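Residue numbers for the sequence shown follow the numbering used here, so the first one is 1 and each next one is one higher. All residues carry an ideal CB built from backbone N, CA and C; glycine is no exception. Keep in mind the model is a prediction, meaning the values are calculated, not measured. Heads up, the thing below is written out as structure tokens.
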Amino acid sequence: MTARKTATCLLAALAAAGLAGCQRETATGPTEVSGRLFVFNYRVAQAHYMITLRRTGALPDPAVAIATFENPRGGEPLVTRSKIFPFWETIVLESPPVQCIVKDRPYAVEIRIVDGRDTLLQSIETTATSTVDQTVLTAKPLVAGPGYAINPDILRTDGTVDYAPTSDCPGKDEAHEELLQKQ
């Protein structure tokens with residue numbers, strides 16, 4: 001009977017630990033992360049980070065969110081500075097366009113909420129992971145003009161669509177091999 005109780009307790013502890021890992025990140029401060037993803041805009045052939053924060057407390061006016069996004073291409077991180085308006089309940093932070101996104105790889109994002117004097121109110125560290133890689137985008141915008149006509153520049157001479165927007169991504173071959181080994 002003791003072995004059965006021990007096994008049951010161990011199983012319950014493992015289940016609780018597993019559920020704890022599924023919870024959203026929470027941070028102490030006036031905001032918390034409510035969403036994080038990559039947006040692939042096929043119409044303009046661009047991708048960017050989108051992080052959303054939910055307001056959980058009061059923020060001074062003015063307040064600013066400074067977001068630092070890991071650059072998937074490598075090199076210096078991408079930094080944005082966004083004013084937070086007093087009536088916003090949800091704060092949306094977007095990066096400039098990015099290239100070389102690799103599927104299932106977590107990319108670091110750091111968010112600093114500051115007041116009008118750049119005094120730190122909150123610091124959040126999180127990651128964004130894409131379920132697809134950059135190869136889903138066309139090399140050039142999908143459509144041209146106001147009528148959404150297909151852009152002739154994305155068609156190869158044989159009539160197929162060019163889905164190779166970037167071929168010079170650092171670590172592209174290593175990341176591809178790593179994904180193949182996981183499958």
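Asked: Span separating the alpha-carbon of P86 from that of P60; Found: 8 angstroms
Asked: Inter-residue spacing [alpha-carbon to alpha-carbon] between V161 and V114; Found: 45 angstroms
Asked: Beta-carbon proximity check, A45 vs P141, cutoff 7 angstroms; Found: yes
Asked: CB of D153 within 7 angstroms of CB of I101, strictly; Found: no
Asked: Which residues DSSP lists as bridging L59, in chain order; Found: Its beta-bridge partners do not exist; DSSP assigns none.
Asked: Residue environment, V188, which counts as buried when at least 16 other CB atoms sit within 10 Å; Found: Given that the chain is displayed from residue 1 to residue 183, the structure contains no residue 188 and the question cannot be resolved.
Asked: Every unbroken beta strand (DSSP E) within the segment 111-175, with a cutoff of 3 residues, ordered by chain; Found: 120-129
Asked: Selection from T138, L155, G147, R156 that minimises the alpha carbon distance to Y42; Found: T138
Asked: Alpha carbon of L37 to alpha carbon of R117, nearest angstrom; Found: 30 angstroms
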